[in-house]
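> Input: one structure, supplied below.
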Ligand code: G3D
Ligand code: MG
């Protein structure tokens, strides 16, 4: 996927360009999480900067979104929002294959289903296809009383169990008004760049051997 900018470059400038995903092809991002976590609300808030009334997603939604701030300004993301009901979760695998990043949306007030969310997240990330794909967790519904904060959500999801090589970030958010979404997307972009840089330097080192 992507990555043609700066190919063959040498010195400092070359390696910097090597780290940037191609500006032409969009980055592929998959939004996962239990039903009712706020995935579709977040997707359409990012796309149209407004609140859209949602219905439970049967199947998927897909939108092209442009980064609006920071380093990811102008970068295109193709975002897949996949239904989160239990019967639909086996389909997640087909969407995460070859994805650049995963956005895992959590209802931070849903303490009863936090273990279920953890199980689904770890199962997804541990499949060989998704090895070390950067994860942005949206600790959503921060506007509601009793919402767990980012540190609590991180602990509840057991993200550290994935080991030191797993890039992740937990972003508090409120998808209905859009709080935290742009910051989260920027963090995801930075992690994607970092991972591409690491895997490219891995390739170079293995060629040298
Ligand atoms: P899903 O796509 O993950 O299944 P949806 O979830 O985006 O359909 O959202 C499920 C419900 O949560 C919706 O309410 C939506 O408005 C609400 N929601 C999403 N994000 C937030 C948030 O940040 N704060 C609050 N308070 N509510 C949120 P309804 O009532 O339509 O079911
Ligand atoms: Mg939905």
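In our numbering, the protein residues as written are -13 to 195. C-beta: ideal position from N, C-alpha, C; glycine also.
(1) Is the separation between the beta-carbon of residue 120 and that of residue 177 shorter than 9 angstroms?
(2) Starting from residue 102, trace the alpha helix (DSSP H) both ways and give me its first and last residue.
(3) Three or more C-beta pairs closer than 8 angstroms, one from the segment 54 to 71 and one from the segment 164 to 176: is that the case here?
(4) Is the beta carbon of residue 45 closer than 9 angstroms to that of residue 74?
(5) Within the same chain, show all residues whose beta-carbon is closer than 8 angstroms to that of residue 48, passing over the 5 residues directly before and after it, in chain order.
(6) By alpha-carbon positions, which one of 153, 143, 126 and 124 ends up nearest to residue 181?
(7) Can you list, in chain order, the residues of its chain whose CB lies under 6 angstroms from that of residue 136, leaving out five sequence neighbours each side?
(8) Applying the criterion that 16 or more other CB atoms from any shown protein chain within 10 Å of the CB defines a buried residue, is residue 25 buried or exposed?
(9) Taking the C-alpha atoms as reference points, what is the distance between residue 179 and residue 185?
(10) Residue 139 lies in the alpha helix (DSSP H); which residues open and close that run?
(11) So, at 6 angstroms on beta carbons, what are the nonlocal neighbours of residue 83 in its own chain, with the 5 sequence-adjacent residues on each side left out?
(12) Following the continuous alpha helix (DSSP H) through residue 28, name the residue where it begins and the one where it ends.
(13) For residue 106, count the other beta carbons within 10 Å of its own beta carbon; 16 or more makes it buried, fewer makes it exposed. Which is it?
(14) When you compare each of 175, 11, 15 and 128 to residue 90 by their alpha carbons, which one comes out closest?
(15) Does residue 101 come within less than 9 angstroms of chain B when only Cβ atoms are used?
(16) Specify, as a first and last residue, the run of the beta strand (DSSP E) that residue 62 falls within.
(17) Apply the 10 Å Cβ neighbour rule to residue 151 and answer buried if 16 or more other Cβ atoms are within range, or exposed otherwise.
(18) If you draw a straight line from the C-alpha of residue 12 to the C-alpha of residue 99, how long is it?
(19) Does the separation of the CB atoms of residue 131 and residue 95 fall below 9 angstroms?
To lay it out plainly:
(1) Their beta carbons are under 9 angstroms apart, which means residue 120 touches residue 177 by this criterion.
(2) Residues 100 to 111.
(3) Yes: the two stretches touch, three or more of their Cβ pairs being nearer than 8 angstroms.
(4) Contact flag set, yes.
(5) Sequence-distant Cβ neighbours of residue 48 in its own chain, meaning closer than 8 angstroms and more than five residues away, are 64, 65, 66 and 67.
(6) Of the listed residues, the one whose Cα sits closest to residue 181 is 153.
(7) For residue 136, where only same-chain residues beyond five positions count, the Cβ hits under 6 angstroms are 125, 156 and 158.
(8) By the neighbour-count rule (16 or more Cβ atoms within 10 Å), residue 25 is buried.
(9) Those two C-alpha atoms are separated by around 10 angstroms.
(10) Residue 139 -> alpha helix (DSSP H) spans 136 to 143.
(11) Excluding residues up to 5 positions away in sequence, 115 lie with their Cβ nearer than 6 angstroms to the Cβ of residue 83 in the same chain.
(12) Looking at the DSSP string, the run of the alpha helix (DSSP H) that includes residue 28 is 25 to 34.
(13) Burial call: buried.
(14) Comparing alpha-carbon positions, the option among 175, 11, 15 and 128 lying closest to residue 90 turns out to be 15.
(15) Protein chains in the displayed structure number just one, and chain B is not present.
(16) Here the beta strand (DSSP E) through residue 62 covers 62 to 68.
(17) By the neighbour-count rule (16 or more Cβ atoms within 10 Å), residue 151 is not buried but exposed.
(18) Rounded to the nearest angstrom, the two C-alpha atoms are 33 angstroms apart.
(19) Yes, the Cβ-Cβ distance between residue 131 and residue 95 is below 9 angstroms.
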